[in-house]
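What follows is a single structure, written as structure tokens, with notes after it.
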């Protein structure tokens with residue numbers, strides 16, 4: 003698996019092992035990234051609920 007990072011003037015492509023090695027040195031980055039990922043997933047689910055509300059059964 004490869005990790006792709008798009009930056010304004012370049013595209014970075016890391017092998018998964020390389021990416022993990024970089025993050026091992028900075029566990030604070032892991033925590034911040036996980037927090038942002040959870041937020042993004044929850045936000046997306048909330049948006050889907052607003053667009054496609056569940057119909058209640060009577």
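Numbering (our numbering), first residue to last: 3 to 60.
From the three backbone atoms N, C-alpha and C, an ideal C-beta is built for every residue, glycine too.
Contact set for residue i: own chain, Cβ-Cβ below 6 Å, skip 5 residues either direction
i	result
residue 21	5
Closest by C-alpha distance to residue i, when choosing among the options
i	options	result
residue 3	15, 11, 10, 9	15
Where residue i falls: helix, strand or coil (DSSP)
i	result
residue 52	helix
residue 44	helix
residue 8	strand
Presumed contact (8 Å Cβ cut-off) between residue i and residue j, rounded CB distance
i	j	result
residue 43	residue 32	About 16 Å; that fails the 8 Å criterion.
Cα-Cα separation, residue i to residue j
i	j	result
residue 23	residue 17	10 Å
residue 27	residue 40	22 Å
residue 30	residue 38	12 Å
Close-in-space but distant-in-sequence residues of the same chain around residue i (CB under 8 Å, 5 per side omitted)
i	result
residue 13	6, 7
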